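S.K.:
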Amino acid sequence: MSDYLVIVESPAKAKTIERYLGKKYKVKASMGHVRDLPKSQMGVDPEQNFEPKYITIRGKGPVLKDLKTAAKKAKKIYLAADPDREGEAIAWHLAHTLDVDIHSDCRVVFNEITKDAIKESFKHPRPINMDLVDAQQARRILDRLVGYNISPLLWKKVKKGLSAGRVQSVAVKIIIDRENEIKDFVPEEYWTIGAEFLKGQEKFQASFYGVKGKKMELSSEEDVKTVLKQVKGKEFDISSVTKKEKKRNPALPFITSSLQQEAARKLNFRAKKTMMLAQQLYEGIEIGKEGTVGLITYMRTDSTRISEVAQAEASAYIEEHFGKEFVRNEQRKEKKQTNAQDAHEGVRPTSANREPNSIKGYLSRDQFRLYKLIWDRFIASQMASAVLDTMSVDITNGDVLFRANGSKVKFPGFMKVYVEGSDDNLEEKDNMLPELEKGDKVKAEQIDPKQHFTQPPPRYTEARLVRMLEELGIGRPSTYAPTLDTIQKRGYVALDNKRFIPTELGEIVLELISEFFPEILDVAFTAKMEQDLDEVEDGKNAWVKVIDDFYKGFEVRLKKAETEMEKVEIKDEFAGEDCEICGSPMVFKMGRYGKFMACSNFPDCRNTKPIVKEIGVKCPKCQEGNIIERKSKKKRVFYGCDRYPECDFLSWDKPIERKCPKCNHILVEKKLKKGTQVQCIHCDYKEETVN
């Protein structure tokens with residue numbers, strides 16, 4: 042018989058923690074929540090102060106029976122679910138089920154699964170924090186009131202399987218608003234004038250800045266001609282040289298949202314995948330003789346704060362491997378987000394000394410890539426700033442002014458390890474100019490005017506959308522990944538070239554919600570609701586009052602919508618071909634995995650087939666079929682012959698119409714990290730990379 046029973050959420054954690062605590066402790070897993078609101082009904086009574094009705098989750102009976110048996114044998118029970126609202130609620134439900142006094146020291150929390158952190162946390166058990174529980178309950182009940190009232194309306198008026206929610210509806214609105222911006226965008230013409238100058242044997246680039254020292258915008262070819270008429274000859278004067286030393290600070294350690302954004306930029310991970318892998322790294326991976334070890338701290342956080350112990354360990358590592366000058370010696374002011382709870386540290390490795398390459402053999406490829414990203418970011422955040430030498434040069438010919446800017450890394454600092462990515466894929470490059478002094482003469486080798494047109498704002502990638510939701514104060518760290526997943530599963534948006542585009546269904550649903558439930562789509566209202574719920578967590582507001590304030594107006598609009606919302610018929614779009622079985626027209630349908638073709642004579646004819654996208658290239662293998670774009674079960678695009686299975690030609694890279702000039706085999710476009718390269722699939726022929 043064990044003296045103590047410890048209950049965590051997952052079996053992976055249970056095994057590790059039991060090893061750290063020793064023989065007196067038995068550690069078991071609840072496998073997440075054990076009680077929840079029923080799926081088959083609202084489960085909330087607005088007439089009784091929104092009293093929730095909790096039931097045992099289907100399938101959790103055996104788990105609870107096992108926990109109850111173990112609880113009877115233990116002298117004391119510790120509830121060690123995750124250190125957040127959700128974890129506090131799980132602990133509260135477990136306490137209720139196992140008859141544990143919530144006011145006793147039964148709750149244990151830790152930010153990382155390491156021996157020292159676990160042992161320290163068990164020295165400081167505490168009662169269950171009911172403010173945290175109430176905050177989780179309030180969110181759950183609020184989302185239930187919205188979802189379980191609006192969703193059935195959408196089923197009746199539009200189609201079954203739809204849903205509405207506070208955060209997901211705003212996310213769809215943001216995507217649709219951006220699409221409308223793009224549709225309404227009117228390109229404007231503008232020009233630039235680039236120039237290549239020669240100083241001795243050294244060439245350098247500069248751009249037109251203005252006339253008579255004032256910046257001038259070039260909006261037409263006439264403007265360009267006017268400027269170039271003022272240029273007399275090819276000789277220019279260096280009228281000004283400004284040299285400066287510039288510091289560049291490293292990015293702060295990851296929080297949940299910045300981790301999702303950077304993993305999307307650098308690793309091409311979806312938010313859902315990032316969180317799944319981070320959970321695995323947090324819960325623990327078996328590392329040879331060390332056994333199962335938690336590799337990172339808790340990954341649901343909105344704080345960049347780092348413990349003094351972790352900072353000291355990182356500094357010692359940096360000094361040993363890079364030198365004392367690379368250690369951060371100044372305290373940086375960390376800007377705290379308006380709504381940040383600051384409950385946990387930033388996401389970091391549990392040990393700075395556990396280098397990614399030293400444990401690579403124990404991790405899957407994707408686990409390693411994410412761990413390395415987290416490790417690199419953390420180590421860089423504790424390193425000295427980079428120092429850049431910058432140079433700005435004004436080059437004049439009469440009244441016409443060109444300007445050249447250059448920079449060179451003087452001291453790399455944190456850049457030795459890691460540089461933060463950008464949504465626009467812009468990378469800073471060294472662009473050192475030749476030694477120039479005021480009064481020098483340079484020769485214009487080439488002056489090159491170019492016409493441009495302004496571009497519409499870009500569609501949202503997952504990373505951009507997460508950043509926008511965060512900036513607006515919509516949702517919290519734990520909500521971003523499931524929100525993006527839900528709006529795609531419901532068919533409200535689709536991904537095109539990794540960017541969100543709204544569907545017709547998404548626009549219809551948004552229009553109905555906008556008409557009858559405008560507060561659900563009001564960004565300011567939703568952000569204020571998040572703040573109210575945060576106040577519940579801080580003990581500054583009562584959860585019943587927050588829900589009641591919202592529900593009074595919502596209930597009125599709900600009754601109005603039930604009588605006034607008209608039924609919407611979504612007409613099928615004809616595919617332009619007939620069913621080969623019954624001859625009826627084929628139509629496009631939206632399914633769980635995107636669009637497909639189905640017979641319009643359903644249910645009498647159940648013929649369906651995927652949408653075929655031809656790329657205009659004949660099959661190089663059979664010479665009869667055409668190459669079409671297909672998708673694997675994991676939604677990865679590949680290319681194959683449309684005569685499959687008669688012809689089994691397959692390529693992950695896109696074939697093109699041209700043949701290899703060297704061996705006459707097929708050429709393909711191979712996607713590289715930076716651009717695309719045309720290559721032969723048979724010989725070593727390659728063409729220049731195109732960005």
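The numbering of the sequence shown is our numbering, which starts it at 42 and goes up by one. Every residue gets a Cβ at the ideal spot worked out from N, C-alpha and C, and that includes glycine. The structure displayed is predicted, hence computed values, not measured ones.
#1: According to DSSP, is Met-72 helix, strand or coil?
#2: Mind pulling the alpha helix (DSSP H) runs of 4 or more residues that sit fully within the region 365 to 440?
#3: Is the beta carbon of Ile-669 closer than 8 Å to that of Gly-657?
#4: From Leu-404 to Ile-326, what does the alpha carbon distance come to, in whole angstroms?
#5: For Gly-666, does the three-state DSSP call read helix, strand or coil?
#6: Count the other CB atoms within 10 Å of the CB of Thr-544; is the residue buried (16 or more) or exposed (fewer)?
#7: For Ile-652, which residues in the same chain have their Cβ closer than 7 Å to its Cβ, ignoring the five residues on either side in sequence?
#8: Taking Cβ positions, are Leu-183 and Ala-602 nearer each other than 8 Å?
#9: So what's Val-719 in DSSP terms, helix, strand or just coil?
#10: So, for Gly-462: in the same chain, excluding its five sequence neighbours on each side, which residues have a beta-carbon less than 7 Å away from its beta-carbon?
#11: In terms of residue numbering, what span does the beta strand (DSSP E) encompassing Glu-614 cover?
#12: Counting only the same chain and skipping the five closest in sequence on each side, list residues whose C-beta sits under 7 Å from that of His-144.
#13: Please list, in chain order, all residues of the same chain as Met-509 whose beta carbon is under 8 Å from its beta carbon, the five residues on each side excluded.
#14: Counting only the same chain and skipping the five closest in sequence on each side, list residues whose C-beta sits under 8 Å from that of Ile-223.
#15: At what residue ranges does the region 500 to 588 contain a whole run of the alpha helix (DSSP H), taking only runs of 4 or more?
#16: Alpha helix (DSSP H) containing Arg-219: first to last residue?
#17: By Cβ distance, which residues of its chain are closer than 7 Å to Phe-541, with the 5 residues on each side in sequence left out?
#18: I'd like to know whether the C-beta atoms of Lys-94 and Gly-84 end up nearer to each other than 8 Å.
#19: Tell me the rounded alpha-carbon separation between Pro-735 and Glu-230.
#20: Between Asp-146 and chain D, is the shortest Cβ-Cβ distance under 8 Å, so that the two count as touching?
#21: Going by DSSP, which residues form a beta bridge with Ser-248?
#22: In chain order, what residues of the same chain lie with their CB nearer than 6 Å to the CB of Gly-235, ignoring the 5 residues before and after it?
#23: Quick check: Phe-566 and Arg-598, are their CB atoms within less than 8 Å of each other?
#24: If you drop the 5 nearest sequence neighbours on each side, which residues of the same chain put their C-beta closer than 8 Å to that of Leu-411?
#25: At the level of alpha carbons, what is the spacing between Gly-329 and Gly-402?
#26: Taking Cβ to Cβ, would you say Lys-659 is nearer than 8 Å to Asn-667?
#27: Helix, strand or coil: how does DSSP classify Lys-117 here?
#28: Can you tell which of Lys-64, Asn-90, Ala-111 and Met-456 has its C-alpha closest to the C-alpha of Ala-70?
#29: Using 10 angstroms around the beta-carbon of Asp-175, count the other beta-carbons present and answer buried if the total reaches 16, otherwise exposed.
#30: Per the contact definition of three or more C-beta pairs closer than 8 Å, is the region 190 to 205 in contact with the region 569 to 588?
#31: Quick check on Ile-58: does DSSP put it in helix, strand or coil?
#32: Whose C-alpha, out of Phe-679, Val-149 and Asp-278, is nearest the C-alpha of Ile-436?
#33: Under a three-way DSSP split, which group does Ala-122 fall into?
#34: Determine the direct distance from the alpha carbon of Glu-220 to that of Leu-259, and round the result to whole angstroms.
#35: Could you please give me the residues that DSSP links to Val-483 through a beta bridge?
#36: Note down the Cα distance separating Gly-514 from Ser-426, rounded to an integer number of angstroms.
M.R.: Looking at the coordinates:
#1: Here Met-72 sits in coil by DSSP.
#2: The DSSP assignment places 406 to 422 as complete runs of the alpha helix (DSSP H) inside the region 365 to 440, in order along the chain (cut-off: 4 residues).
#3: Between Gly-657 and Ile-669, the gap from beta carbon to beta carbon reaches 8 Å or more.
#4: In a straight line, the C-alpha of Leu-404 is about 8 Å away from that of Ile-326.
#5: The answer is coil: DSSP assigns Gly-666 none of H, G, I, E or B.
#6: That one is buried.
#7: Closer than 7 Å at Cβ, skipping near neighbours: Lys-636, Phe-637 and Met-638.
#8: Result no, Cβ atoms of Leu-183 and Ala-602 do not sit closer than 8 Å.
#9: Three-state result, Val-719: strand.
#10: Excluding positions up to five away in sequence, the list reads Glu-303, Arg-306 and Lys-307.
#11: Element bounds for Glu-614: 614 to 619.
#12: So the qualifying residues of the chain are Pro-168.
#13: Answer for Met-509: Ile-215 and Tyr-501, listed in chain order.
#14: For Ile-223, where only same-chain residues beyond five positions count, the Cβ hits under 8 Å are Pro-497, Pro-498 and Arg-500.
#15: For the region 500 to 588, whole alpha helix (DSSP H) runs of length 4 or above, ordered along the chain, are 503 to 513, 521 to 530, 545 to 557, 559 to 562 and 564 to 578.
#16: Per DSSP, Arg-219 belongs to the alpha helix (DSSP H) from 207 to 225.
#17: Same-chain partners within the cutoff: Ile-216, Arg-500, Tyr-501, Leu-506 and Val-534.
#18: It is a contact, given that the beta carbons lie within the stated cut-off.
#19: The displayed coordinates of the chain run from 42 to 732. Any statement about residue 735 would go beyond what the structure contains.
#20: You won't find chain D in this structure, because it holds only one protein chain.
#21: Residue pairing for Ser-248: DSSP places it in a beta bridge opposite Gly-235 and Arg-444.
#22: So the qualifying residues of the chain are Ser-248 and Asp-489.
#23: Not closer than 8 Å, so no.
#24: The answer, listed in chain order, is Ala-304, Leu-308, Phe-310, Thr-315, Leu-318, Ala-319 and Leu-322.
#25: Inter-residue distance for Gly-329 and Gly-402 is about 9 Å (C-alpha atoms, whole angstroms).
#26: Yes, the Cβ-Cβ distance between Lys-659 and Asn-667 is below 8 Å.
#27: Looking at Lys-117 - three-state DSSP - the assignment turns out to be strand.
#28: In this structure, Ala-111 is the residue among Lys-64, Asn-90, Ala-111 and Met-456 with its C-alpha nearest to the C-alpha of Ala-70.
#29: Buried, because 16 or more other Cβ atoms sit within 10 Å of the Cβ of Asp-175.
#30: Counting Cβ pairs under 8 Å, fewer than three are found: no touch.
#31: Helix.
#32: Per the Cα distances, Asp-278.
#33: Here Ala-122 sits in coil by DSSP.
#34: Each residue's alpha carbon lies about 29 Å from the other.
#35: Beta-bridge pairing links Val-483 to Phe-277.
#36: Cα atoms of Gly-514 and Ser-426: separation of roughly 30 Å, rounded to the nearest angstrom.
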